[in-house]
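Numbering (the working numbering), first residue to last: 72 to 209.
A virtual CB, placed ideally from N, CA and C, is assigned to each residue, including glycine.
Some notes on the structure that comes next.
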């Protein structure tokens with residue numbers, strides 16, 4: 072599903088750092104337009120949080136983020152930075168392999184620079200995870 076746009080984003084993973092798994096240590100970007108993506112949770116079109124598990128909510132939140140990105144003219148490979156906010160970081164880590172498979176299926180194998188941040192709660196009380204990001208378009 073990933074659309075590669077040459078010379079736009081370059082993933083940098085120095086040998087001096089631990090091997091990245093599901094993220095890139097740094098991303099350099101050249102392009103003409105930045106897209107700042109608002110935080111997306113597992114909201115459906117009626118504004119209700121869907122998904123009873125963290126992986127289900129992650130899939131919907133990522134899908135929502137990618138929908139916003141596509142609407143702005145971008146593709147998953149244009150993501151330079153994504154921040155994940157999780158209400159339970161231990162649970163997020165426990166599902167890391169499954170979340171990685173969801174990412175690969177929806178966004179491809181080009182990983183942006185990423186961080187996971189623990190949050191006491193998110194805007195919608197039922198939300199377990201929220202994703203925001205920055206993309207660079209040519």
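Delimiting residues of the alpha helix (DSSP H) encompassing residue 162
160-165
Excluding the five sequence neighbours on either side, which residues of its own chain have a C-beta within less than 7 Å of the C-beta of residue 193, listed in chain order?
112, 156, 158, 201
For residue 111, which three-state DSSP category applies?
strand
Give the secondary structure of residue 80 by DSSP, where H, G and I count as helix, E and B as strand, and everything else as coil.
strand
Assumed close pair residue 100, residue 161 - CB separation to whole angstroms, cut-off 8 Å:
Not confirmed; about 32 Å, so no contact.
Could you pull out every residue in the same chain whose Cβ sits closer than 6 Å to the Cβ of residue 72, ignoring the five residues on either side in sequence?
With a pLDDT of 44 at residue 72, under the threshold of 50, the predicted position of this residue should be treated as unreliable, though the coordinate-derived value follows. These residues qualify, in order along the chain: 179.
To the nearest angstrom, how far is it from the Cα of residue 203 to the Cα of residue 169?
20 Å
Does DSSP put residue 168 in a helix, in a strand, or in coil?
helix
Reducing DSSP to helix, strand and coil, say where residue 95 ends up.
strand
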